[in-house]
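With this note's numbering as the guide, the letters of the sequence shown map in order to residues 699 to 1021. Ideal Cβ positions, reconstructed from N, Cα and C, are used throughout, including at glycine. Quick caveat: nothing in here was measured; it's all calculated off a predicted structure. What follows is a set of notes on a single structure, which appears directly below.
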Amino acid sequence: MTTHVSPIASNVRNRIAAAVIVLMLGGVPLYAQPVTVDVHADSSAIVMGNWFRYTLDVKHPVNIPVILPQLKDSIGKFSIVKEDSLTVQRNGDQETLHKEFILSAYEPGQLTIPPVTIGYRSGSDTALTAVMSNPIGITVAGVQVDTAQGIKDVKDPLSLSLTWREILLYGGIVFLLAALVYAAFYLYRKFKKIPAVVEEVIPPRAAHIVAFEKLKELEDRRLWQQGEIKAFYSDATEIIREYFERRYEFLALEMTTDEILDQLRKQITDAGMLRMIAELFIDADLVKFAKHTPVASECESVIPASRDIVDRTKVPEVPENDV
């Protein structure tokens, strides 16, 4: 069972609470107080959830400082929706502090805005004196729901018909924007010439030119003159193997001497040339694998023989006037 408290009983209870606050603050009797506080609401009855304005005015002498209450989220059962800035109005030696609040309640019934307590010190008295406002009763009505009607679906968005003038206006705007975009793109393509990126293609160097250069480098290193005969023969045949691989397009670097000679017989018809190549590779194999030590004349003939092999088997050069 719900117990209802009458406005009179509520006011009596609020005044008792205010008296306790005064005693705690070391207050004095409330008669002939130099500070007065006045509150009022712009409505005495609202529908639950609606807003109303609550005004606080404090009048006091200029030489008596006052302490306003710190109201944060609510006043009693009323929520503070908005709090305006404090305004001060002076009239002679009197000053009026004015502050407004926007309140709302979310509980139906007969509710009361509780008194607001203002503290101050008078003269040389160090004790804090308090003055209180009157409570204000507000009737909060609940939202009436017609239970006889069923729950309705959410309404579809309203469709507004366009007039011919609006259609022409919007169509003209779209056409104008499209024309501007096209014109900007056309001018960009016309005046901003993007240089084509030309990638320089470097033709591969001829196999015989590379072989001649490497044979010259090998000759300048003078390996066999320094006693490195095995390395000299190995490097010389490596250059010729690489030349054959590029010239005749078979994997000469991975083949044995016999396998290379078999491939060359398909490409070279000169028996004397085949014999020269075989002698070079066989001599090199003897030095590398049979620990054969050639004489100086044999070593001196390796570079000239290698150059002769490359020169006589290279791709014939085409004269410029025959191109």
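It is roughly 9 Å from the alpha-carbon of A904 to the alpha-carbon of K1012.
Using a Cβ distance threshold of 7 Å, L754 and V733 do not count as a contacting pair.
Sequence-distant partners of K986 (beyond 5 residues in either direction) whose C-beta falls short of 8 Å from its own C-beta, in its chain, are K928, Y931, S932. Taking 4 residues as the minimum length, the alpha helix (DSSP H) runs contained wholly in the region 937 to 1016 are 955 to 963, 969 to 987, 994 to 998, 1000 to 1011, in order along the chain. Residue state for G870 is assigned as helix, using DSSP reduced to three classes.
In the DSSP assignment, V735 falls within the unbroken beta strand (DSSP E) covering 734 to 739. Within the model, the alpha-carbon separation for G821 versus V829 is close to 16 Å. Rounded to the nearest whole angstrom, the C-alpha separation of D1006 and R963 is 18 Å. 7 Å or more divides the Cβ of I800 from the Cβ of G774. For K888, the three-state secondary structure derived from DSSP is helix. Between the C-alpha atoms of L949 and R920 there is a straight-line separation of about 29 Å. Rounded to the nearest angstrom, the gap between the Cα atoms of L809 and K797 is 22 Å. Secondary structure of V760 (DSSP, three-state): coil. Only residues of its own chain outside the window of five on either side were considered, and among them I744, M746, A803, E805, P806, G807, L809 have a CB closer than 7 Å to the CB of V838, listed in chain order. About 4 Å separates the Cβ atoms of T935 and A982, confirming a contact at the 8 Å cut-off.
Bridge pairing for L809: I836 [DSSP]. Around the CB of G790, fewer than 16 other CB atoms lie within 10 Å, so the residue is classed as exposed. L795 is a Cβ neighbour of V756, given a cutoff of 7 Å.
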